[in-house]
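Here's the structure we're looking at; comments come further down.
In the UniProt record's numbering, the protein residues as written are 1 to 131.
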């Protein structure tokens with residue numbers, strides 16, 4: 001049973017950060033300026049964009065490999081909730097309600113990962129770090 005649990009955690013750690021890795025990587029190129037403009041239009045300071053990229057790309061890779069998993073999962077859950085509140089509360093636009101709910105779902109998954117940890121197939125477990 002424990003092997004099944006560890007395998008499921010590995011699969012979850014592969015699936016969960018894909019969105020963040022792709023989004024963070026995409027912001028490194030042509031999308032950087034457009035993302036900065038969008039953030040500014042929404043009242044979010046653009047100096048936060050490099051930190052966003054670091055969390056999305058770096059944090060996504062960390063979760064994928066199971067490095068500092070619990071900490072990164074907490075930061076990602078908080079980031080995702082904050083993103084929902086800053087960018088997706090205009091429910092008059094139907095897609096925003098869906099995006100808001102999607103972000104809540106993602107945050108819930110990352111909170112669960114923060115509680116359960118990365119499983120046996122992770123750098124954290126190899127280094128014998130629990131937090």
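By construction, the Cβ of each residue, glycine as well, lies at the ideal position given by its N, Cα and C atoms.
| Asked | Found |
| --- | --- |
| How about residue 70 and residue 114: do their beta carbons lie closer than 8 Å? | yes |
| Do residue 76 and residue 25 come within 8 Å of each other at the CB atom, strictly closer than that value? | no |
| Report back the beta-carbon spacing between residue 125 and residue 66 to the nearest angstrom; my notes put them in contact at under 8 Å. | 7 Å |
| Indicate whether residue 89 and residue 103 have their beta-carbon atoms separated by less than 8 Å. | no |
| Does the beta-carbon distance from residue 62 to residue 80 come in below 8 Å? | no |
| Rounded to a whole number of angstroms, what is the C-alpha to C-alpha distance between residue 94 and residue 43? | 21 Å |
| In angstroms, rounded to a whole number, what distance separates the CA positions of residue 13 and residue 118? | 7 Å |
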